[in-house]
Structure formats: C-alpha cells, structure tokens
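Each remark here refers to the structure printed beneath this line.
Chains as they are written, first to last, in this note's numbering: chain A, 1 to 26; chain B, 27 to 239.
This is how it looks when you write it as structure tokens:
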C-alpha cells in the first residue's frame with residue numbers, strides 16, 4: 001500500500017531495529 | 027552436573043538454572059540451553075563479561091555496532107528490566123519468551139504497547155508516534171513530506187484513539203491490534219521454535235542430566 005494509506009504502526013513495524021529475527025542469523 | 031552451575035557458567039552474572047527458566051517460560055530446558063549458546067556469543071562479541079551491553083545488542087541486530095537506532099534502543103531497554111544498562115541471561119530468556127509463538131497474546135500486546143510508549147507515561151501519544159515515524163524515515167531513507175506524515179498520524183489516531191483524547195491507552199491499543207493483527211507480527215519469532223537446531227552445540231555444554239525435558 002502507499003505509505004499515506006498505511007497506519008503509522010504498520011510503517012513503524014517495518015523498522016530493521018524491530019526485526020529481532022536477525023539475532024538468530026549466524 | 028545437575029542443578030549446580032559449573033565455574034564456567036558462574037562467570038555469567040545473572041545466570042539462572044535452565045530448569046527453573048524453563049518452568050517459568052514457554053521454552054523447554056533444551057531450548058533454554060540453546061539460548062545460552064546464543065547469549066554467550068552475543069555477550070562476548072565486544073566485552074567478554076557475560077552480559078549483553080547496548081553495543082553488543084546492536085552489533086547482533088545490525089551486524090554493525092555503529093548503527094544507532096531508536097527502536098533497537100527501545101527493545102534493549104525493555105529487555106533490561108532491572109535497568110542496569112546490560113542484559114543478563116535471565117533477562118534475555120524472559121524477554122525472548124514474549125516472542126515465542128506459544129506466548130500469550132496478552133503478553134505480546136503489553137510488550138508492544140510499552141515499546142511504543144517511549145516515555146513510559148502509560149499512553150502512546152501522537153508526538154511519540156511522530157518521533158518514531160521520523161526515525162523510520164531516517165532509517166529507511168524513505169521520503170515523505172511533513173504533510174503526509176501528519177495525514178498518516180490523523181488516520182492512525184482516528185482509528186486507534188477511540189475516545190479522541192489525542193493519546194492511545196492500553197485498552198484502545200488492545201482493541202486496535204485485534205482489528206489489525208498484522209501489527210503484532212513483529213512480536214512473534216518463528217526462529218524460537220527451532221532454536222535447538224540452530225544452536226546444536228548446547229548438547230555438548232549441557233549441565234542438565236535429562237536434556238529431553
């Protein structure tokens with residue numbers, strides 16, 4: 001969706017800093 | 027063997043018995059021991075003191091210690107429940123437990139609320155959401171005009187802030203995420219189901235007699 005149509009939290013949740021999955025990548 | 031940690035494990039301040047941690051979380055004893063392998067690796071990446079500091083956390087997250095990130099800082103602060111500026115093994119396991127696929131939804135809602143309530147007032151305020159949006163734009167190099175940011179905020183608060191008092195309380199947040207379940211996607215790490223396969227070396231370092239527990 002275009003950013004203006006997304007809610008703020010949908011956008012924020014795409015931050016790399018919130019993707020803890022990378023902790024498990026060796 | 028048994029419940030007495032070896033000298034090697036006593037070097038880890040805040041080390042807790044895997045059997046006890048497993049009894050308090052969704053993890054099995056083997057999974058807690060596998061998480062200890064991950065913890066050892068992160069906590070020794072900059073300073074080998076058995077604790078994870080902010081720099082080590084960011085290095086593990088971004089593979090780059092210089093990257094300052096509002097959201098990574100916020101997650102670190104929430105993992106650091108005793109507010110010591112470092113994460114010990116017990117903190118690490120208990121915080122990751124919230125991200126387990128089997129963790130209660132309510133815990134995920136609570137954690138995500140705290141994550142976005144940057145100043146800890148018990149409300150997610152518009153100014154906090156704007157600060158996070160600006161941090162995201164900076165991080166992603168996405169370009170949005172201030173007008174568009176305000177439109178996004180208007181739309182979000184229209185949907186989430188049901189009583190229209192300019193801030194989102196815990197109940198409004200719980201209702202909002204139940205209508206928008208994708209917002210909780212970041213709160214579940216499927217990796218946690220396969221942690222013993224990802225870190226099989228825990229078997230060689232196990233101090234528990236029956237690791238199949």
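For every residue, glycine included, the Cβ atom is placed at its ideal position computed from N, Cα and C. Predicted model only: the values in this text are computed from it and were never measured.
Q | Which of helix, strand or coil DSSP assigns to residue 25/A | A | coil
Q | According to DSSP, residues forming a beta bridge with residue 128/B | A | For residue 128/B, which the question treats as bridged, DSSP gives no partner whatsoever.
Q: Assuming residue 9/A and residue 141/B form a contact by the criterion Cβ under 8 Å, report the distance between their Cβ atoms to the nearest whole angstrom.
A: That belief does not hold up - the Cβ atoms of residue 9/A and residue 141/B are roughly 10 Å apart, past 8 Å.
Q | Span separating the alpha-carbon of residue 229/B from that of residue 54/B | A | 13 Å
Q. Under 9 Å between C-beta atoms, does residue 49/B make it to chain A?
A. no
Q) Hey, is residue 56/B's beta-carbon within less than 9 Å of any beta-carbon in chain A? A) no
Q: Determine, using beta-carbon pairs with one atom in the stretch 185 to 203 of chain B and one in the stretch 99 to 112 of chain B, whether at least three such pairs fall under 8 Å.
A: no
Q.
Contact between the stretch 158 to 170 of chain B and the stretch 113 to 121 of chain B is defined here as three or more beta-carbon pairs at a separation below 8 Å; is this criterion met?
A. no
Q.
Looking at the secondary structure, which residues open and close the alpha helix (DSSP H) in which residue 162/B lies?
A. 152 to 166
**Q.** CA nearest to the CA of residue 68/B, picked from 59/B, 179/B, 83/B
**A.** 83/B
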